[in-house]
Amino acid sequence: MENRWTFQKIFDEYLANRPDLKGRANDVRRFKSYLGKIFANKTPEEVTHFDINKLKQGLHKKKLKPATIRHALEILNRTANFAAKRGLCAGISFVVEMPKVNNIKTEDLTPEELSRFIKVLDEEHDIQASNMLRMALYTGMRRGELFSLKWSDVNFRRKTIAIRDPKGGLDETIPLNKMAEKVLKEHPDTASEFVFPGEGGQLRKKTPRSLNRIKLKAQLPEDFRMFHGLRHVYASHLASSGKVDLYTLQKLLTHKSPLMTQRYAHLRNEALMDASNVISEIIKPEMKINE
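If you number the sequence shown the way this note's numbering does, the last residue is 423 and the count never jumps.
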C-alpha cells in the first residue's frame, strides 16, 4: 500500500519538482481546502465521475465562484497529468469537465469616484499604501510587480521601469511617465532595496491594511478590486482617449497576447467614432450656408 501514488503523494512530488512554481502558495491552499478531503488518499485511476460531481456540488454549496472551482479542478488535472507523464501511475480515466468561466471583467471608476479616490490618497497618512496605489493607477502595474519593485529597477535617467518576470514570462520595460516619476522621487527612503518593502525591509507579502480604509473613505464600489481595478482604470482611460492604439496598450500592460488587450477595443472604437463625428460639426454649418 505504501507504493500507491495517491494525489497527496503526487502533489508533494509535483511541488518538489517545481520549486519556482508561480502561484505555489495558492495551489497548496486550494489542494488542502478543496481537494484533500475527497482526493488526498485516492489514486488518479480510482477517481470516478461521482467524486468529481461531489467536489463540484460541495464547492457550489460554499458559494464559490466558477473560476475558483475551475482552479481546483485544474490542480487535480495537473497533478494527475504529472503522475502519468512521469510514469508514476495511470491518470484519470475520463475527461474532467470544467465549469464555464467569464473572466472578462473590466472594472472602471466614474469621474466622481476617481476624483474622490485621488482626494483620499492626498489625505492618507500611510504613504507606502497611497503611493503604491498611485503607481497602480499611473502605470497599470500589477500588485505582485509593485510588491517586488526594487529601486534598481527604476531608471530615472532613461525614464524606464524594469518589470521582472511579469505574467508574460519575460522581463519587460515600461515607461516611467511624469506622474509616476514624481511619486517615486518624493517617496520616502526606507533604506530597503524594495520601493514598497514589507516587514524588516524585505519583499512585501501582504496588502496594506489601510487599503480597505482608503476604499471605504473614497466610497468605491464594493466589488472594486484595488490593484486589479486600478490597472483596468489605467487601461480604460488610455483606450478611451483615442490616442493610444491597442498594440501600444498591449506593450504598456505587458500582455503576452493581444487577445488580452481586446477587452478594451470597444473603448477605442467609441473614441474613434467620437473623433469621426467631429466632421458633422464642421459640415452642418456649411450645409446651412449652401441652403
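From the three backbone atoms N, C-alpha and C, an ideal C-beta is built for every residue, glycine too.
_My assumption, with CB atoms under 8 Å, is that residue 346 sits in contact with residue 268. Please give the rounded CB distance._
Incorrect: roughly 12 Å between the Cβ atoms, too far for contact.
*May I have the straight-line CA-CA distance separating residue 405 from residue 196, to the nearest angstrom?*
So the alpha carbons of these two residues sit roughly 40 Å apart.
_Nearest residue (CA-CA) to residue 356, options 249, 295, 279 and 144_ = When the alpha-carbon of residue 356 is set against those of 249, 295, 279 and 144, the nearest one is in 249.
*Kindly provide the ranges of any alpha helix (DSSP H) runs that are 4 or more residues long and lie completely inside the region 293-343, ordered along the chain.*
With a minimum length of 4 residues, the continuous alpha helix (DSSP H) runs that stay inside the region 293-343 are 310-317.
*Hey, could you find the ends of the alpha helix (DSSP H) residue 276 is sitting in?*
Note, residue 276: alpha helix (DSSP H), 275-279.
*Under the three-state reduction of DSSP, which class applies to residue 252: helix, strand or coil?*
DSSP places residue 252 in helix when its eight states are reduced to three.
*Residue burial classification, residue 153 (beta-carbon count within 10 angstroms, cutoff 16)*: So residue 153 ends up on the exposed side.
*CA-CA distance, residue 309 and residue 165?*
Cα to Cα, residue 309 sits roughly 42 Å from residue 165.
*residue 205, enclosing alpha helix (DSSP H) - first and last residue*: Counting along the chain, the alpha helix (DSSP H) containing residue 205 begins and ends at 198-217.
*Might you give, ordered along the chain, the residues of its own chain that have their beta carbon closer than 6 Å to the beta carbon of residue 359, omitting 5 neighbours on each side?*
Excluding positions up to five away in sequence, the list reads 268 and 275.
*Quick one: grab the DSSP three-state call for residue 173.*
Reduced to three states, the DSSP call for residue 173 is coil.
_Rounded distance between the beta-carbons of residue 279 and residue 328, thought under 8 Å_ = The beta-carbon distance between residue 328 and residue 279, rounded to whole angstroms, is 7 Å. This is short enough to meet the 8 Å contact definition.
*Given a cut-off of 8 Å, decide if residue 338 and residue 332 are closer than it, judged by their beta-carbon atoms.*
In this structure, residue 338 does not lie closer than 8 Å to residue 332 by Cβ.
*Please check the pair residue 320 and residue 258, which I expect to be a contact at CB under 8 Å, by giving their CB distance rounded to whole angstroms.*
Residue 320 to residue 258, Cβ: 11 Å. No contact.
*Mind checking whether residue 209 and residue 228 have CB atoms under 8 Å apart?*
Note that the C-beta distance between residue 209 and residue 228 is below 8 Å.
_From 218, 364, 379 and 170, residue whose alpha carbon lies closest to that of residue 246_ = Of the listed residues, the one whose Cα sits closest to residue 246 is 364.
*Taking Cβ positions, are residue 348 and residue 272 nearer each other than 8 Å?*
No; because the gap between Cβ atoms is not below 8 Å, this pair is not in contact.
*Does the beta-carbon of residue 211 have 16 or more other beta-carbons within 10 angstroms, so that it is buried, or is it exposed?*
With 16 or more Cβ atoms within 10 Å of its Cβ, residue 211 is classed as buried.
_Expected contact under 8 Å - CB spacing of residue 303 and residue 294 to nearest Å_ = Taking C-beta atoms under 8 Å as the contact rule, residue 303 and residue 294 qualify, at a distance of about 6 Å.
*In whole angstroms, what separates the C-alpha of residue 335 from that of residue 204?*
Rounded to whole angstroms, residue 335 to residue 204 spans 28 Å at the Cα level.
*For residue 282, I'd like the list of residues in its chain whose CB is within less than 6 Å of its CB, leaving aside the five on either flank, ordered along the chain.*
So the qualifying residues of the chain are 325 and 326.
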